[in-house]
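Novice: For the sequence shown, the numbering used here gives the first residue as 190, with consecutive numbering after it.
Glycine included, every Cβ here is placed at the ideal spot set by N, Cα and C.
Please read through the structure below; I'll follow up with questions.
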Amino acid sequence: MFSYRHAFHAGSHADILKHIVLIQLIRYLQEKEGALTIIDTHAGAGIYSLSDGFAAVSKEAEGGIFRLSRYLHNNQQTEITDSISEYMAAITAENPSEELAFYPGSPFIIAKMLRPQDRLKLFELHPKEIDLLRHNVQQLPQNKQIDLYHADSFSRLKGLVPPPSRRGLVLIDPSYEDKQDYRYLESTLEEALSRFATGCYAIWYPILSRRESAALPDRLQKIAAAHKRSWLQAELRVESSPGERRLQASGMFVLNPPWTLEGKLKEALPALVKVLGHHSGAEFVLKSVEA
Ligand code: SAM
Numbered sequence: 190m191f192s193y194r195h196a197f198h199a200g201s202h203a204d205i206l207k208h209i210v211l212i213q214l215i216r217y218l219q220e221k222e223g224a225l226t227i228i229d230t231h232a233g234a235g236i237y238s239l240s241d242g243f244a245a246v247s248k249e250a251e252g253g254i255f256r257l258s259r260y261l262h263n264n265q266q267t268e269i270t271d272s273i274s275e276y277m278a279a280i281t282a283e284n285p286s287e288e289l290a291f292y293p294g295s296p297f298i299i300a301k302m303l304r305p306q307d308r309l310k311l312f313e314l315h316p317k318e319i320d321l322l323r324h325n326v327q328q329l330p331q332n333k334q335i336d337l338y339h340a341d342s343f344s345r346l347k348g349l350v351p352p353p354s355r356r357g358l359v360l361i362d363p364s365y366e367d368k369q370d371y372r373y374l375e376s377t378l379e380e381a382l383s384r385f386a387t388g389c390y391a392i393w394y395p396i397l398s399r400r401e402s403a404a405l406p407d408r409l410q411k412i413a414a415a416h417k418r419s420w421l422q423a424e425l426r427v428e429s430s431p432g433e434r435r436l437q438a439s440g441m442f443v444l445n446p447p448w449t450l451e452g453k454l455k456e457a458l459p460a461l462v463k464v465l466g467h468h469s470g471a472e473f474v475l476k477s478v479e480a
């Protein structure tokens with residue numbers, strides 16, 4: 190159960206999609222002054238080294254953040270979309286020298302965006318990851334605004350919604366290491382929506398041939414429809430090589446998306462396909478339904 194370590198995947202194309210969407214959600218929700226509570230149900234270690242350790246072994250960042258950063262460096266005259274620039278600014282903020290040595294995970298990306306009135310709640314179940322996360326979060330100036338839970342977020346999320354301010358964003362980013370994660374994700378989401386229907390929920394998912402994975406977007410759409418919620422689905426495929434074991438595509442499903450998100454992704458996704466795509470199999474999907 191504890192074989193998944195996000196450091197292997199830090200800075201991959203899937204992280205890029207997830208973190209671009211995450212930043213846009215927070216920016217929109219912070220347009221209002223009211224306090225915002227952000228819950229990251231699957232936090233990971235918070236920040237990762239790209240130059241040694243697991244990331245250096247897997248080299249997933251090569252096809253992700255390194256490729257994007259190299260492209261931007263070599264094409265400085267090319268106009269890049271706002272959401273990609275804002276994402277790159279969050280990554281370079283963790284890298285004082287020009288070389289990319291660190292990749293911030295969702296806890297760091299969110300923490301750096303917190304205003305004094307906002308709160309961040311982080312769940313992490315892995316005993317080694319929670320220790321790393323605790324250590325990393327302690328270094329953040331925002332650490333007093335952050336609560337850490339060494340707990341199973343699938344069973345604990347319901348206790349935290351709705352947040353006192355009734356303004357909340359929930360990022361649900363399981364490892365899907367265990368196929369039960371698909372089932373737990375659905376029941377957790379159903380329960381959270383029945384308590385806090387107006388919250389914004391962002392769910393990351395891998396696109397794999399396994400049955401549970403292929404069925405997930407449809408099931409999420411059905412949950413949104415049953416709760417009369419608007420939704421948006423954004424997928425990025427960087428290659429289409431049957432039989433290849435590395436992750437080739439992933440998606441973000443957002444319930445109660447801000448109206449601005451679709452426009453931002455309409456610009457960003459074709460650019461990501463162009464920069465991160467290999468061969469002709471690269472493509473994106475962008476769908477949304479208003480409640
Ligand atoms: N959200 C992180 C980011 O974007 O940087 C990456 C998180 S990683 C995909 C998933 C994490 O969830 C892993 O660190 C794993 O140990 C943790 N995890 C797995 N099951 C969990 C559960 N039931 N509750 C809380 N954390 C869990």
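Kindly give me the distance between the Cβ atoms of Ile-298 and Leu-309, rounded to whole angstroms, as I take these residues to be in contact under 8 Å.
Specialist: Numbered from its first residue, the sequence shown carries residue 298 at position 109. Numbered from its first residue, the sequence shown carries residue 309 at position 120. Separation of the CB atoms of Ile-298 and Leu-309 is rounded to 10 Å, and the pair is thereby denied contact status at 8 Å.
Novice: At what residue ranges does the segment 291-323 contain a whole run of the alpha helix (DSSP H), taking only runs of 4 or more?
Specialist: 295-302
Novice: Would the C-beta of Gly-233 count as close to the ligand SAM, meaning under 7 Å from any of its heavy atoms?
Specialist: Position 44 of the sequence shown, counted from the first residue, corresponds to residue 233. Yes.
Novice: Ile-412 lies in the alpha helix (DSSP H); which residues open and close that run?
Specialist: Residue numbering aside, residue 412 sits at position 223 when the sequence shown is read from its first letter. It spans 400-415 - the alpha helix (DSSP H) in which Ile-412 sits, taken as one unbroken run.
Novice: With which residues is Glu-472 paired in a DSSP beta bridge?
Specialist: Along the sequence shown, read from residue 1 onward, the residue named residue 472 stands at position 283. Paired residues: Arg-426.
Novice: Taking the straight line between their C-alpha atoms, what separation do you get for Tyr-260 and Pro-353?
Specialist: Counting from 1 along the sequence shown, the entry for residue 260 is found at position 71. Counting from 1 along the sequence shown, the entry for residue 353 is found at position 164. Taking the straight line from one Cα to the other gives about 43 Å.
Novice: Might you give, ordered along the chain, the residues of its own chain that have their beta carbon closer than 7 Å to the beta carbon of Phe-442, omitting 5 neighbours on each side?
Specialist: Within the sequence shown, numbered from 1, the residue matching residue 442 stands at position 253. Cβ neighbours of Phe-442 beyond the five flanking positions: Ile-392, Tyr-394, Pro-406, Leu-409, Trp-420 and Gln-422.
Novice: Quick check: what's the CA-CA separation for Leu-349 versus Pro-363?
Specialist: The residue you call residue 349 lines up with position 160 of the sequence shown. The residue you call residue 363 lines up with position 174 of the sequence shown. Going by the C-alpha atoms only, they are around 18 Å apart.
Novice: By the DSSP assignment, the beta strand (DSSP E) with Thr-226 in it spans what residues?
Specialist: Looking up residue 226 in the sequence shown gives position 37. Counting along the chain, the beta strand (DSSP E) containing Thr-226 begins and ends at 226-229.
Novice: Given this structure, state the Cα-to-Cα distance separating Tyr-373 from Asn-263, to the nearest angstrom.
Specialist: As a working mapping, residue 373 is identified with position 184 in the sequence shown. As a working mapping, residue 263 is identified with position 74 in the sequence shown. Taking the straight line joining both Cα atoms gives about 44 Å.
Novice: State whether the segment 433-441 contacts the segment 201-214, with contact taken as three or more CB pairs (one from each stretch) at a distance under 8 Å.
Specialist: Judged by pairs of C-beta atoms under 8 Å, the segment 433-441 touches the segment 201-214, as three or more such pairs exist.
Novice: Alpha helix (DSSP H) containing Gly-242: first to last residue?
Specialist: Taking the sequence shown and counting its residues from 1, one reaches residue 242 at position 53. 242-247 is the extent of the alpha helix (DSSP H) around Gly-242.
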